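Working notes for the structure below.
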Amino acid sequence: MKISGILPILLAALLIPVSSSFGEKARAKPNILLIVGDDIGYADVGFHGSKEIPTPQLDAFAASGVRFTNGYVSGPYCSPTRAALLTGRYQQRFGHEFNPGGGAQGLPVTEETLARRLKGAGYATGLVGKWHLGDAAEMHPQKRGFDEFFGFLGGGHSYFESKSILRGTERVKEAAYLTDAFGREAVAFIERHKAEPWFLYLAFNAVHTPMHATDDRLAKFGGIADEKRRTYAAMMLAMDEAIGRVRAKLAESGVEKDTLVFFISDNGGPVMPGTTTNGSRNEPLRGSKRTTLEGGIRVPFVMSWPGRIKPGVFDQPVIQMDLHRTALAAAEYTAKTDWKFDGVNLLPFLSGEKTGAPHDALYWRFGAQMAIRMGDWKLVRYDNHADLGTSGVSAAKLYNLATDLGETKDLAATEPDKAKELQAKWDEWNATLTQPLWGGDHTGAKGNPDRPRGKRRGLR
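Each residue of the sequence shown is one higher than the last, beginning at 76 in the working numbering.
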């Protein structure tokens, strides 16, 4: 399977001029909707071919925009990838390599967020859902650029109990199933701000553990024998339905063509021993959340902007940090060079103004695990749980993803020069990073990877 190079027929004019045949002139500043799912299996969305779990609303976003077949996140864990997403920079540059505990651990206050930048550009900003970037008062979302916040601060939460749900800084009693509540709050945010440009970060905790689903949705999946898988499917359905309510509100408010929508998962599905599994599947990828194999870092990745981006497929490697730069560009917000972004603006690559790969290479470091992807080649050291069910990290292995997407045939011995080239390039990148500010051992975490050390608030 060839995965490098943009399909020629799709390269031409994926991005449509504002005054296009789609009709109405778009707003100068589009709304920006950033949707993040939690621990979604690569195989578990309809636009990746899932037949077992219907995701019609996500599929509609994918059909209306661009599906990135080589879409990555910069780590195999929840909090670090969110830190990179909101800053546009590799999280290892500022020490956020692992999931934080409590106390002072969290997104360093020296780092600027997408919310604060867009707020400075005249946007109303809101977060609905999971934060997981620090519990301390100075790290609260409303101290980091968000005007409004409804959700929880930790890494995971019960879907039926409201003990740690906040509206702003005040605890509230929430009676609804949590995914439904997040959909409701997202719709309300759009309604409140429909007369002005807005940025909404809709960060579901679905389908992260604990495995909680409503009875009516569980009944729809009676044909799935495995209880965990059945619950996972019901939780995916709940998230898709919540996204459907958001889509309907965009249409009802008349802002569908004025809204740039992104959708990703924060990392791959947790499918291997050593993780708190949720019943997800990552086929045809190997590996899991917690590993630098493709199953841990390659995720469903969609961008939709009806009237501006033509539907299509983009098959060059991209990473979640690119969404930060793309959002700023869409908002006509000029980035400064001294911000030292690692993400790039994808819009010129979709329009054909720029060709080739947005990145020369993509990099990962997670404790002693590492990876680099350059073209179709990937050099990786990964958690041995993926192969052996034991602790430790593998030797460096070399794969050609164009012919071996499942990372099954190590070519390090037959392509030693390529392995050395990638290792040298990764070493050069690694030399620019800082040491982790907290946590981690050789595989990336001590003990339960979903339960970081330190003071805990809510479920992790």
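Don't be surprised by glycine CBs; every beta carbon is placed ideally from N, CA and C. None of these values were measured; they are calculated from a predicted model.
Sixteen is the threshold: when 16 or more other Cβ atoms of the shown chains lie within 10 Å of the Cβ of G201, as they do, the residue is buried. Excluding five sequence positions before and after A294, none of the CB atoms of its chain fall closer than 8 Å to its own CB. Beta-bridge analysis with DSSP links Q444 to F441. The continuous alpha helix (DSSP H) containing L312 extends over residues 302–327. If you look at K205, you'll find it in the beta strand (DSSP E) that goes 199–205. The alpha-carbon separation between M347 and S355 amounts to approximately 10 Å. Note that the C-beta distance between S149 and P175 is not below 9 Å. In this structure, the alpha-carbon of F424 lies about 43 Å from that of D291. Excluding residues up to 5 positions away in sequence, S328 lie with their Cβ nearer than 6 Å to the Cβ of K269 in the same chain. In this chain, the beta strand (DSSP E) harbouring F224 covers 223–227.
Here P131 is exposed, its C-beta having fewer than 16 other C-beta atoms within 10 Å. The stretch 377–426 is shown to contain whole alpha helix (DSSP H) runs of 4 or more residues at 396–405, 422–426, in chain order. For R456, the uninterrupted beta strand (DSSP E) segment begins and ends at 452–456. Beyond the five residues adjoining it in sequence on each side, A256 comes within less than 6 Å, by CB distance, of E249 in the same chain, given in chain order. In the displayed model, V262 falls within a helix according to three-state DSSP.
With at least 16 other beta carbons inside 10 angstroms of its own, K385 counts as buried. When DSSP states are grouped into helix, strand and coil, R292 belongs to the helix group.
The stretch 227–236 makes no contact with the stretch 184–196: fewer than 3 CB pairs, one atom from each, lie closer than 8 Å. Inclusion of T507 and G170 in the CB contact set at 9 Å is not warranted, their separation being larger than that value.
The residue among M396, P433, G231 with its C-alpha nearest the C-alpha of R157 is M396.
Counted as a single uninterrupted DSSP element, the stretch harbouring N505 is not any beta strand (DSSP E) but the alpha helix (DSSP H) occupying residues 491–505. Taking each of A103, D114, R168, V141 in turn and checking the Cα distance to W439, the smallest one comes out for R168. Residue pairing from DSSP places F274 in a beta bridge opposite I107, T200.
I339 is positioned such that its CB atom lies no closer than 9 Å to that of V388. Within a 10 Å sphere around the beta-carbon of V184 sit fewer than 16 other beta-carbons, which makes this residue exposed.
Listed in chain order, the non-local C-beta contacts of A196 below 6 Å within the same chain comprise A406, Y408, local neighbours out to five positions each way being set aside. Using a C-beta cut-off of 8 Å, the stretch 132–142 makes no contact with the stretch 294–309, since fewer than three inter-stretch Cβ pairs fall below that distance. Using a Cβ distance threshold of 9 Å, L463 and A494 do not count as a contacting pair.
Selection G178, V393, I107 evaluated against L277 yields I107 as nearest (Cα-Cα).
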